[in-house]
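**Q** I have a structure I would like to understand better, so I am pasting it below and will then ask my questions one at a time.
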């Protein structure tokens, strides 16, 4: 099975437990206005026009070759309870390639997936079955706002998160905090209500918006004009403590 990736980062410490290798799969069906990896949106390799010259972003690789590359750090993972994290883009958009690679790694390294949860339920369920840890975005509960700012409806996402709450796979929910979009009391209350009965929720991570998120768009000859104030500091509401949900602001 062959897939397309655009980066492999070793010794990552923010993509799951321990020291990890993070694999970025190319292609994403969402178009989040705050996306900080726009080079991961298209499914095929593309040229980036950097100041130092043109750079090809993306390469095809077989599942066996990718697994071999990841397993080079198997001993390091075992020393600190680390492993591999598949992210993107949206890794579940290359589900067959992802799952075949995960099967080659299963039982040898700890496997995490970072996902928007925008996938058919059977794909998402299979991902959870193969993974040891999930990192799932929950951007905004209101369906109108979600489609406005990400380009897609959130029905699949919310149903998949509800399903995950009933399972035994440990997971983190990540909320990118965007001022005027999802930093309201109402949205945080709705997220807390969604997660309050989760069996294996490790914590909620509130991710503050990175004001340099638009820097890469010039590489793609694209303008960065989000429909929100990119320089306004988002509000942080503690709506999780009353449900005994651990959370952290990153």
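In our numbering, the protein residues as written are 6 to 255. Note that the Cβ used here is the ideal one computed from N, Cα and C, for glycine as well.
1) Is the CB-CB distance between residue 209 and residue 172 below 8 angstroms?
2) Exposed or buried, which one is residue 142 when buried takes at least 16 other CB atoms within 10 Å?
3) If we count Cβ pairs, one from each stretch, closer than 8 angstroms, do we get three or more for the stretch 203-223 versus the stretch 243-255?
4) Tell me which residue opens and which closes the beta strand (DSSP E) that residue 194 is part of.
5) Within 10 angstroms of the Cβ of residue 151, are there 16 or more other Cβ atoms? Answer buried if so, exposed if not.
6) Throw me the rounded Cβ distance for the residue 148 and residue 165 pair, which I believe falls under 8 angstroms.
7) Check this for me: beta carbons of residue 74 and residue 62, under 8 angstroms apart or not?
8) How far does the beta strand (DSSP E) with residue 62 in it reach, from first residue to last?
9) Do you know how far the Cα of residue 58 is from the Cα of residue 175?
10) Less than 8 angstroms between the CB atoms is what I'm expecting for residue 15 and residue 78, so what's the real figure, rounded?
11) Check whether the stretch 231-241 and the stretch 186-202 are in contact - that is, three or more C-beta pairs closer than 8 angstroms.
12) Report the rounded CA-to-CA distance for residue 36 versus residue 100, giving the unit in angstroms.
13) Determine, using beta-carbon pairs with one atom in the stretch 193-206 and one in the stretch 64-74, whether at least three such pairs fall under 8 angstroms.
**A** Answer, in terms of the structure:
1) Position 204 of the chain shown, counted from the start, is the residue given in the question as residue 209. Position 167 of the chain shown, counted from the start, is the residue given in the question as residue 172. Cβ distance not < 8 angstroms, so residue 209 and residue 172 don't count as in contact.
2) Here the question's residue 142 lines up with position 137 in the chain shown. So residue 142 ends up on the buried side.
3) yes
4) Sequence index remark: in the chain shown, residue 194 carries index 189 (1-based). Residue 194 -> not in any beta strand (DSSP E); alpha helix (DSSP H) instead, spanning 190-200.
5) Taking the first residue of the chain shown as 1, we reach residue 151 at position 146. By the neighbour-count rule (16 or more Cβ atoms within 10 Å), residue 151 is buried.
6) Position 143 of the chain shown, counted from the first residue, corresponds to residue 148. Position 160 of the chain shown, counted from the first residue, corresponds to residue 165. In fact, because the Cβ distance is near 15 angstroms, the residues do not count as touching under 8 angstroms.
7) Within the chain shown, numbered from 1, the residue matching residue 74 stands at position 69. Within the chain shown, numbered from 1, the residue matching residue 62 stands at position 57. Going by C-beta atoms, residue 74 is not nearer than 8 angstroms to residue 62.
8) In the chain shown, the residue the question calls residue 62 occupies position 57. 58-62 is the span of the beta strand (DSSP E), which, as asked, contains residue 62.
9) Working through the chain shown from its first residue, we reach residue 175 at position 170. Working through the chain shown from its first residue, we reach residue 58 at position 53. It is roughly 43 angstroms from the alpha-carbon of residue 175 to the alpha-carbon of residue 58.
10) For the purposes of this step, residue 15 is identified with residue 10 of the chain shown, where counting begins at 1. For the purposes of this step, residue 78 is identified with residue 73 of the chain shown, where counting begins at 1. That belief holds up - the Cβ atoms of residue 15 and residue 78 are roughly 7 angstroms apart, short of 8 angstroms.
11) Result yes; three or more Cβ-Cβ pairs closer than 8 angstroms.
12) In the chain shown, residue 36 corresponds to position 31, counting from 1. In the chain shown, residue 100 corresponds to position 95, counting from 1. The alpha-carbon atoms of residue 36 and residue 100 are separated by roughly 19 angstroms.
13) No, the stretch 193-206 does not touch the stretch 64-74.
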